[in-house]
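**Student:**
Protein chains: 2
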Amino acid sequence: METAYTPGEVAARFGLSLDTLRYYEREGLLTDVERAPSGHRRYRASDVELLDLVRCLRDTDMPISRLRTFAELVREGGHTIPARLEILTTHNQALTERIAELRQRQETIQHKIAYYESVLADSD
Amino acid sequence: METAYTPGEVAARFGLSLDTLRYYEREGLLTDVERAPSGHRRYRASDVELLDLVRCLRDTDMPISRLRTFAELVREGGHTIPARLEILTTHNQALTERIAELRQRQETIQHKIAYYESVLADSD
DNA sequence: GCTTGACCTGGACCGCACTCCAGGTATCAA
DNA sequence: TTGATACCTGGAGTGCGGTCCAGGTCAAGC
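These protein sequences, in sequence, are chains A and G. Residue numbers for the first sequence, in my numbering: 1 to 124. Residue numbers for the second sequence, in my numbering: 1001 to 1124.
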């Protein structure tokens, strides 16, 4: 008997709505999710594990389409690990660049803040 | 004679399309843009300056609605500087948090990369 | 037996930020 | 004078990532 999680449990755990969970399944991020005799979904540990990574990648703005590709590779088995690595390292690089960009923009914003503060200070 | 810029010049400078430029105007991010006798827009230095900040804030994911609020404050004059500061500092904080989140997620991704690499190394 | 709560389905709908389009005008160079 | 180029307008369309809804089912507790 494998441990299984209800949709409510999984949704709560990842801060996703039930609709989003089903949406991800429709989009092919998860497949072959088991069902209880009632027809309700039962997520297995492997689903939860994949979802964990999916959420991490989504939170860093990987598009659904790319996540689907990744999820398909996972399903195809261990020989797809090089392809998965390719996706992750590419994403990792993009992320590094994005963070650098945000930091740079943030500096500009902070300069503007400092400028406004100086204007206020001068008018006191 | 005030220096003025054509739509094409401004678009190129900020990496925006002409459509986006007009869209921003419709959305109230820019207003009262001057016109040449031909009816073509002529952006003044103050427009360009505001656009520079707008692009910076957009690039860091400030929504258009908030940018509109900010732009309205700019138009209302110097007494709105405290309100503008409020918007910028709030955004600055959100940005700090966002960057921290991205960095954290990136670590997770890098661990996954390292894991995949170790799997490949072991199977060699 | 009846309600309550959790979940099911297919499909419509949403907000956001653009992006595209048709049909028109102004300026200029050859 | 004839293009070519740059721009104009109003309005429709797009892609993304969900979100919502109606109408149902199932299991448990009162």
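The beta carbon of each residue, even a glycine, is placed where N, CA and C say it ideally should be.
Does any residue of chain G bring its CB to less than 8 Å from the CB of A:Leu88?
**Tutor:** True, the Cβ-Cβ gap to chain G drops below 8 Å.
**Student:** Can you check DSSP and say which residues form a bridge with A:Tyr43?
**Tutor:** Bridge partners of A:Tyr43: A:Tyr5.
**Student:** Check the Cβ of A:Asp47 against every Cβ in chain G and list those closer than 9 Å, keeping chain order.
**Tutor:** Correct list: empty, because the minimum Cβ distance to chain G is about 17 Å.
**Student:** Is the Cβ of A:Arg125 closer than 8 Å to any Cβ of chain G?
**Tutor:** Outside the displayed range of chain A (1 to 124) lies residue 125 of chain A, so it cannot be described from this structure.
**Student:** Beta-carbon within less than 7 Å of A:Ala36's beta-carbon, same chain only, minus the 5 sequence neighbours each way: which residues are those?
**Tutor:** Excluding positions up to five away in sequence, the list reads Arg42.
**Student:** In terms of residues, what are the limits of the alpha helix (DSSP H) holding G:Ala1036?
**Tutor:** From DSSP, G:Ala1036 is part of no alpha helix (DSSP H); its letter is neither H nor E.
**Student:** To which residues of the same chain is G:Ile1087 closer than 6 Å at the C-beta, ignoring the five residues directly before and after it?
**Tutor:** Only Phe1070 meet the Cβ criterion.
**Student:** May I have the straight-line CA-CA distance separating A:Gln110 from G:Arg1068, to the nearest angstrom?
**Tutor:** Going from the Cα of A:Gln110 to the Cα of G:Arg1068 covers about 20 Å.
**Student:** Using beta carbons (cut-off 8 Å, strictly below), is A:Gln106 in contact with chain G?
**Tutor:** So yes, A:Gln106 belongs to the interface.
**Student:** Can you name, in chain order, every residue of its own chain whose Cβ lies under 7 Å from the Cβ of G:Ala1011, other than the five neighbours on each side?
**Tutor:** Ser1017, Leu1018, Leu1021.
**Student:** From G:Val1054, G:Arg1044, G:Leu1029, G:Ile1099, pick the residue whose C-alpha is nearest to that of G:Pro1007; which is it?
**Tutor:** The residue with the shortest Cα to Cα distance from G:Pro1007 is G:Arg1044.
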